[in-house]
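Participant: Just so we're aligned, residue 33 is where the sequence shown starts under our numbering, counting upward by one. All C-beta atoms in this analysis are idealised placements derived from N, C-alpha and C, irrespective of residue type, glycine included. The following block contains the structure, expressed as structure tokens.
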Amino acid sequence: MKFTFQNTTKVYFGDEELENLAPELLNLGKKVLLVYGGGSIKKNGLYDKIISNLKNSGIETFELSGVEPNPRHTTVNKGVKICRENNISAILAVGGGSTIDCSKGISATVFSKTDNVWDLVEGKYPIEKTLPIVTVLTLSATGSEMDCGSVLSNMELNIKSGLIHENIRPKVSFEDPKITYSVNEYQTASGSADIMSHIFDVAYLSKQKQMEMLVNIQEEVLRTVIKYTPIALENPSDYEARANLMWASSWALNDFMYCGVMQSPILHAIEHELSAFYDITHGHGLAILTPNYLRYIINDETAPVIYRLGVNCLNVKSGLEAKEGAKLTADALAKLYFETFRLPSRLSDLGIDDSKFEVMAHNCCNGLFGQGKLSALATLEERDVVEILKM
Ligand code: NZQ
Ligand code: ZN
């Protein structure tokens with residue numbers, strides 16, 4: 033096993049920490065592009081708080097609003113134009129994964145030779161110099177606040193793909209659990225399913241030998257999300273629940289969990305196809321796929337890994353034959369997502385039928401994460417992906 037670990041994002045965690053926002057931005061210059069989504073930050077008062085904070089500190093603020101969930105490459109391009117025309121010194125992303133990912137796309141494109149981020153996604157130009165990004169996280173889910181990935185959607189081509197580069201990792205992220213009190217039940221549940229999927233996809237559901245310390249920590253993060261999500265659903269203003277979910281979100285995908293493991297994030301590869309064609313909520317798509325993926329891949333080799341998850345995180349009793357235990361694990365995960373998290377359980381609930389399953393299977397096996405097939409705990413070919421989608 034060998035790996036290099038580096039994560040350079042500075043995190044301010046807690047409810048008084050926003051007072052450090054202006055000083056951190058001033059370290060980067062005096063002209064900031066504020067990027068945000070469809071207006072939740074105006075409803076919960078965060079926008080006013082940030083704007084007055086920046087104004088009082090002499091920071092000139094430009095705005096890009098309306099970033100879509102599943103952010104479009106065209107929105108990124110609008111941000112690039114604003115940055116170039118106004119000589120912006122830093123991007124301030126205030127939102128969830130979509131807003132942060134849009135900001136990363138802008139950051140990567142501003143100094144490049146194109147004004148279209150999709151040229152970078154397609155590898156026509158390299159990512160070199162980037163604009164620094166500061167984030168204020170508003171939703172616990174993607175880990176984008178501490179990672180170096182950006183997932184972008186091109187709805188003309190029905191492709192959801194992205195950028196991965198060290199230079200787009202946020203310089204500073206602010207994590208105030210109280211900001212997530214206003215996240216609704218559906219987004220809270222979907223975000224939690226996303227956090228769990230990051231653990232599953234990048235590390236836990238693997239056939240590679242991992243350090244036991246890391247596997248134990250992965251399970252602890254899973255147990256934390258399983259424990260605190262129902263509490264946050266019952267009481268959206270429970271600080272302890274929101275704080276645990278927020279920090280779990282960052283650590284599930286900040287490179288630490290998967291030291292030494294290299295594999296296709298199978299669930300994400302398939303889910304990105306669902307979002308690309310049907311514009312669905314990422315975490316919900318993952319929740320529907322995961323129990324069915326587990327059921328589909330159970331065999332002698334995979335069953336012990338799946339069953340361990342059940343015993344250590346989902347109250348499945350120990351001592352059973354591994355395949356039987358793995359099946360019960362998939363059932364327990366389905367119960368968690370569809371009963372406890374209260375997420376609808378079928379793709380048809382999201383208006384998805386089987387008409388695009390073949391093309392989605394082809395695309396994910398040959399896209400960002402696949403080379404003809406997807407390989408992690410199991411290896412999936414296109415026909416396997418179609419079968420899982422049908423389930
Ligand atoms: O747009 P606004 O009005 O802000 O509302 C958002 C949006 O409707 C709302 N919301 C966010 N914070 C809120 C809030 N509502 C009330 N109070 C708050 N405090 O929630 C909705 C969803 O927001 P979004 O940013 O889309 O959610 P999420 O954080 O789940 O991000 C999803 C995107 O991230 C990508 C996904 O594919 C998807 O495009 N991912 C990014 C990753 C990365 N960069 O590493 C990895 C992930 O696996 C994922 O693929
Ligand atoms: Zn995800």
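Does the beta carbon of E177 fall short of 8 Å from some heavy atom of ligand 2?
Facilitator: no
Participant: Kindly examine ligand 2 and report whether one of its heavy atoms sits closer than 8 Å to the Cβ of H314.
Facilitator: H314 has its CB nearer than 8 Å to a heavy atom of ligand 2.
Participant: Per the DSSP calculation, G181 is bridged to which residue(s)?
Facilitator: I196
Participant: Any idea what DSSP makes of A408, helix, strand or coil?
Facilitator: Here DSSP, grouped into helix, strand and coil, assigns A408 to coil.
Participant: Shorter than 8 Å, the distance from the beta carbon of D133 to the closest heavy atom of ligand 1, or not?
Facilitator: yes
Participant: Could you check if E198 is buried or exposed, using at least 16 other CB atoms within 10 Å of its CB as the buried criterion?
Facilitator: Looking at its Cβ environment, which holds fewer than 16 other Cβ atoms inside 10 Å, E198 is exposed.
Participant: As a quick exercise: from N216, H314, L400, T107, pick the residue whose alpha carbon is nearest that of R274.
Facilitator: N216
Participant: Beta carbon of V108: closer than 8 Å to some heavy atom of ligand 1?
Facilitator: A distance criterion of 8 Å places the beta-carbon of V108 beyond contact range of ligand 1, judged by its closest non-hydrogen atom.
Participant: Do S224 and V257 come within 9 Å of each other at the CB atom, strictly closer than that value?
Facilitator: yes
Participant: Less than 6 Å between C-beta atoms, sequence neighbours within five positions excluded: which residues of the same chain meet that for D133?
Facilitator: P103, S176, S182, V183
Participant: Taking buried to mean at least 16 other C-beta atoms within 10 Å of its own C-beta, is N137 buried or exposed?
Facilitator: Looking at the sequence provided, one finds Gly at residue 137 rather than Asn. G137 should be labelled buried.
Participant: Pick out whichever of T261, I338, Y290 has its Cα sitting closest to the Cα of M243.
Facilitator: Shortest Cα-Cα distance from M243 to any of T261, I338, Y290 involves Y290.
Participant: Indicate whether V168 and L96 have their beta-carbon atoms separated by less than 9 Å.
Facilitator: no
Participant: CB-CB under 6 Å to F45, same chain, minus the five flanking residues each way: which ones, in chain order?
Facilitator: E207
Participant: Quick check on DSSP: helix, strand or coil for A280?
Facilitator: helix
Participant: Whole angstroms is fine: what's the gap from I420's alpha carbon to L189's?
Facilitator: 24 Å
Participant: Just checking, does the segment 226 to 239 make contact with the segment 270 to 286 on the three C-beta pairs under 8 Å criterion?
Facilitator: yes
Participant: Which word fits T131, buried or exposed, when buried means at least 16 other C-beta atoms lie within 10 angstroms of its C-beta?
Facilitator: buried
Participant: Can you have a look at D416 and say buried or exposed, based on whether 16 or more other CB atoms are within 10 angstroms of its CB?
Facilitator: buried
Participant: Roughly how many whole angstroms lie between the Cα atoms of L78 and S229?
Facilitator: 29 Å
Participant: Under 8 Å from any heavy atom of ligand 2, does the C-beta of S182 make it?
Facilitator: no
Participant: With 16 as the cutoff for other CB atoms within 10 Å, does S387 come out buried or exposed?
Facilitator: exposed
Participant: Helix, strand or coil: how does DSSP classify Y157 here?
Facilitator: coil
Participant: Put R127 into one of helix, strand or coil per three-state DSSP.
Facilitator: For clarity, residue 127 is Gly in the given sequence; the question names Arg instead. Reduced to three states, the DSSP call for G127 is strand.
Participant: L169 by DSSP, collapsed to three states: which one?
Facilitator: strand
Participant: Closer than 8 Å to a non-hydrogen atom of ligand 1 - does that hold for the CB of H300?
Facilitator: Yes, since a heavy atom of ligand 1 falls inside the 8 Å radius drawn around the Cβ of H300.
Participant: Distance check for E160 and I91, CA to CA, integer angstroms please.
Facilitator: Distance between the alpha carbons of I91 and E160: 26 Å.
Participant: Which same chain residues, not among the five before or five after T372, have their C-beta less than 7 Å away from its C-beta?
Facilitator: P262
Participant: Taking G317 as the reference, give the member of V337, L171, A301 with the closest Cα.
Facilitator: A301
Participant: Report, in whole angstroms, the separation of the C-beta atoms of T174 and G129, which I expect to be a contact under 8 Å.
Facilitator: 3 Å
Participant: Tell me the residue span of the beta strand (DSSP E) that contains K42.
Facilitator: K42 -> beta strand (DSSP E) spans 42 to 45.
Participant: Please confirm whether E413 and K405 have their CB atoms less than 9 Å apart.
Facilitator: Closer than 9 Å, so yes.
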